[in-house]
Amino acid sequence: MLSRYIARRYLFSRQSRSVVNLISGLSVAAVAVPVAAMVILLSVFNGFETLVRSMYSAFDADLTVTPRRGQHFSAGDLDTAALRRIPGVTALSFTLEQSVLLEHEGRQATATLRGVDDGYGEVFDLSEAVVTGEWRVRLGDLERLVIGQSMAWMLGIRSLADADVTLYAVRRGSFSTLLPMDNYTRRTEPVGGVYVLDLDTERTYVLTSLRLAQALFEQPDRVSSAVIRLTPGADLERTRRSVAAAVGEDFRTQTRDELRASFYRIMTYEKWGIFFIALLVLVIASFSVVGALSMLIVEKRGDMATLRALGADTGLLRSIFRTEGLLICALGGAIGLTLGVVLSLLQQHFGLIEIPAESFLTKSYPVEFRFLDLVAVAAAFTVVSVVLTNVTVRSMIKDTTIRS
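Per the numbering used here, the sequence shown starts with residue 2, numbered consecutively.
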């Protein structure tokens with residue numbers, strides 16, 4: 002109690018105003034800024050991670066069933082009725098994917114053509130992503146294409162009124178260099194809708210009917226995957242295990258995160274890499290506390306001599322200045338954490354800082370504050386504060402004792 006009382010008097014007393022107090026105040030500010038920056042940086046990474054997940058959710062289902070061997074399987078190999086009865090499963094659809102060459106008025110581009118059945122709209126709600134036309138890929142016996150906005154620009158499509166696209170797919174079987182056009186199957190279909198998502202997805206995926214894809218790829222009654230949508234609030238892992246048990250060992254059941262595991266792992270590494278870089282900046286900024294504490298110890302040599310005369314030992318003197326250093330760090334850390342949380346929440350809910358790019362998916366920088374990030378920053382800063390304060394006080398009090 003005595004050490005805390007004296008430390009508070011040194012820091013907050015109105016009668017104690019000197020250069021050391023000014024330096025202590027600057028140390029508080031020097032510590033608060035990087036702490037706030039760490040919270041904001043982690044929140045920004047969370048926001049971009051959530052944005053990327055939402056973009057991929059338009060084409061990556063909650064659960065995806067694919068064959069362990071080969072690329073295709075017969076839709077009859079799966080008991081769809083049993084799958085639909087599994088608790089947590091709300092919709093199921095079959096897809097067939099393969100790379101194709103697109104051509105429109107002399108312009109060409111490669112893409113992944115995804116053929117989908119009539120139940121695809123129950124698995125993926127694309128109504129909000131489609132900005133021109135509609136997302137339906139079949140109207141009766143008429144086949145249609147749904148392409149990304151970036152792909153439409155690459156092909157020179159400006160209007161759906163005249164947007165017939167020719168699809169080329171490599172023919173299965175022998176490949177002849179004498180008659181190259183015989184190596185491809187070809188279909189020309191109109192574009193019925195244009196969707197807007199991220200740039201990579203828009204340039205990659207083209208949607209069409211499952212019937213057209215099977216005819217183009219010469220894969221009658223074959224599919225490449227079964228995509229499943231779960232009921233909101235369903236236990237993802239439990240449902241995945243149930244689906245895996247229902248489809249058998251010949252099929253692989255993967256969640257959305259497992260489909261892009263390497264990508265999300267890289268994002269996690271980047272996030273915590275930035276965290277440790279910011280932590281290094283924080284450690285350097287914390288040396289201002291070391292300087293302020295060292296100057297305070299030198300300034301209070303008279304007080305230490307008085308306390309020694311009254312019976313204070315080295316442990317009490319170290320406790321006083323250790324508490325003083327921790328108070329400076331705690332004050333700076335509290336200000337920094339509060340500032341970081343407030344700025345993150347303001348950006349998250351009001352989008353004050355906008356992105357200067359009209360083609361981006363969001364107008365403002367995506368931010369998502371998470372309490373665990375706050376705990377991580379506070380814990381890291383606490384460790385840095387305790388270590389630096391203890392090292393400074395032990396070395397300075399020992400030297401002062403010897404000189405006295």
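C-beta: ideal position from N, C-alpha, C; glycine also.
Taking all protein chains shown into account, ARG323 has 16 or more neighbouring C-beta atoms within 10 Å of its C-beta and is therefore buried.
Considering only VAL147, ALA306, GLY134 and ALA92, the residue with the shortest C-alpha distance to SER210 is VAL147.
In this structure, VAL40 sits away from GLY249, with a CB-CB distance that is not shorter than 7 Å. VAL368 carries a coil assignment under DSSP once its states are collapsed to helix, strand and coil. Bounds of the beta strand (DSSP E) holding LEU168 are 165–171. Three or more Cβ pairs drawn from the segment 194–206 and the segment 130–139 lie within less than 8 Å of each other, which places the two stretches in contact. Annotation for LEU43: ASP374 place their beta carbon closer than 6 Å to its own, counting only its chain and skipping 5 residues before and after. By the CB criterion at 7 Å, ALA33 and ILE336 fall inside the cutoff.
At a Cβ-Cβ threshold of 7 Å, THR186 and LEU231 do not count as neighbours.
For ALA216, the uninterrupted alpha helix (DSSP H) segment begins and ends at 211–217.
For GLU271, the enclosing alpha helix (DSSP H) begins and ends at 262–300. Taking every protein chain shown into account, the CB of PHE252 has 16 or more other CB atoms within 10 angstroms, so this residue is buried.
Taking all protein chains shown into account, GLU271 has fewer than 16 neighbouring C-beta atoms within 10 Å of its C-beta and is therefore exposed.
CA-to-CA, the gap between PHE264 and SER25 works out to about 44 Å.
Considering only SER4, LEU3 and LEU23, the residue with the shortest C-alpha distance to VAL290 is LEU23. With a cut-off of 8 Å on Cβ pairs, the segment 217–228 is in contact with the segment 56–69, counting three or more such pairs. Excluding sequence positions up to five before and after ASP258, its CB lies within less than 8 Å of the CB of TYR265, all in the same chain and listed in chain order. Closest in alpha carbon position to THR390, among LEU344, GLU369 and LEU328, is LEU328.
Per DSSP, GLY116 is not a residue of any alpha helix (DSSP H); the beta strand (DSSP E) it occupies stretches across 108–117. Non-local beta-carbon contacts of ALA170 in its own chain, meaning distances under 6 Å to residues more than five positions away in sequence, involve VAL101, THR186, LEU217 and PHE218 in chain order.
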